[in-house]
Every structure is written in C-alpha cells, then in structure tokens.
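Trainee: Once you've had a glance at the structure underneath, I'll fire off some questions.
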Amino acid sequence: MTQFRPTLGKSERIYHRKDIDALFKEGNSHSMSAFPIRVVYMLIPTTDNDEQQDERPQRPQAKLLISVPKHCFRRAVKRNRIKRLVREAYRHNKSLVAQWPLAIAFIWMDRRMPDAATVNKSVVNLLARIHEKMAGTNKEQPTPNSLSSNE
Numbered sequence: 048m049t050q051f052r053p054t055l056g057k058s059e060r061i062y063h064r065k066d067i068d069a070l071f072k073e074g075n076s077h078s079m080s081a082f083p084i085r086v087v088y089m090l091i092p093t094t095d096n097d098e099q100q101d102e103r104p105q106r107p108q109a110k111l112l113i114s115v116p117k118h119c120f121r122r123a124v125k126r127n128r129i130k131r132l133v134r135e136a137y138r139h140n141k142s143l144v145a146q147w148p149l150a151i152a153f154i155w156m157d158r159r160m161p162d163a164a165t166v167n168k169s170v171v172n173l174l175a176r177i178h179e180k181m182a183g184t185n186k187e188q189p190t191p192n193s194l195s196s197n198e
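This is the structure in structure tokens:
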C-alpha cells in the first residue's frame, strides 16, 4: 500500500459552499455515527475532463469538513479545540479512506469536552466503517449508483 504523509493541506479540505451543499442537500450522501461524532460522506464524482487538464495523474483524495455547532459550545475556544482534536485524529488515520475520492463531514454532537483518546477512538471507528462500506461495494473504483443500490 502507498505511504501517506500525515498532513492535511488545503486541497484535502471542503471549503466551497457548492461542495458543502452537494454533501448535505443532493441526496447522494450516507451517514453514520459513533457518539460523540456523526459523519456524513459521499463519493465525489470524477470526470474525464478533470483528468485531462492535469499532466500528471493524481491519486484519489478524500476531502474533509469538521463542524462543531455553536449550541453545543458557546465559546469559540472550545469549538476550536474539538476541531483540532478531530483534525489530528483524521490526519493520523486518513489512510483508511485515502484510496477513494470522498467528501467527508465530521459533525460533533456532544455537549461535553472530550479527551483526545475518545475523539481518536470515534474517528477511527467511523473511518473503518466507511472503509468497509466502500471496499464492500466495489473492489476497484466505486460509483455513486453502486453505493445507493447496497443501502
């Protein structure tokens, strides 16, 4: 398996409103939870035009969004701490889902401040479950149609 660097650059984040709306509104996404985190994910459709524009082929890349609602934590310092913990846990375990072009959103659901071990355990659990679902649908490159037929 290819070695993945444990970094999280801008190309690995979801930051456009269009991409966020596609993840939550278009109906192609799937979700699951491992309290205190809920994950919403979907396969990012790839087109031949995107591949022709780049001279060098790039591997599929999972993109990440982290949300900690204000109604859970009023202080931004606490919300930022949780986002930092989730980012760190994802960064160390992203190799589980790095082979598929996915859009992944982690949504915090608890009102208590977590410790790093709890966050890491939940993120690993969710990424492993996503990996199982993606590997089970198609051994090569899954398509959105094949995902919806299994669920």
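In short: position in the sequence shown from 1, add 47, done, that's the working numbering. The beta-carbon is built from N, C-alpha and C at its ideal position, and this holds for glycine as well.
When the Cα atoms are used, what is the spatial distance from Arg64 to Arg122?
Mentor: Roughly 24 Å separates the two Cα atoms.
Trainee: Let's see if you can read the secondary structure: which residues bound the beta strand (DSSP E) around Ser169?
Mentor: Looking at the DSSP string, Ser169 is not in any beta strand (DSSP E); the run it does join, the alpha helix (DSSP H), is 163 to 184.
Trainee: Helix, strand or coil: which one does DSSP assign to Ser142?
Mentor: Residue state, collapsed to three classes: helix.
Trainee: Using the three-state DSSP reduction, which class does Tyr137 fall into: helix, strand or coil?
Mentor: Note: Tyr137 maps to helix in three-state DSSP.
Trainee: By the 10 Å Cβ neighbour count, where 16 or more other Cβ atoms means buried, how is Phe153 classified, buried or exposed?
Mentor: Buried: at least 16 other Cβ atoms inside 10 Å.
Trainee: Is Val115 helix, strand or coil when you go by DSSP?
Mentor: Reduced to three states, the DSSP call for Val115 is coil.
Trainee: Using the C-alpha atoms, what's the distance from Met89 back to Val144?
Mentor: Between Val144 and Met89, the C-alpha separation is close to 12 Å.
Trainee: Quickly, what does DSSP pair Ser58 with across the bridge? List them, please.
Mentor: Ser58 pairs with nothing; no bridge assigned.
Trainee: Let me check understanding here. Comparing Cα to Cα, which of Leu55, Asp157, Leu174 lies closest to His118?
Mentor: Checked all of Leu55, Asp157, Leu174; the closest Cα to His118 is Asp157.
Trainee: Out of curiosity, what's the CA-to-CA distance linking Ser78 and Ser114?
Mentor: Looking at the two C-alpha atoms, the distance is approximately 14 Å.
Trainee: Measuring CA to CA, which of Val171, Phe120, Pro116, Ala136 is closest to Pro53?
Mentor: Answer by Cα proximity: Ala136.
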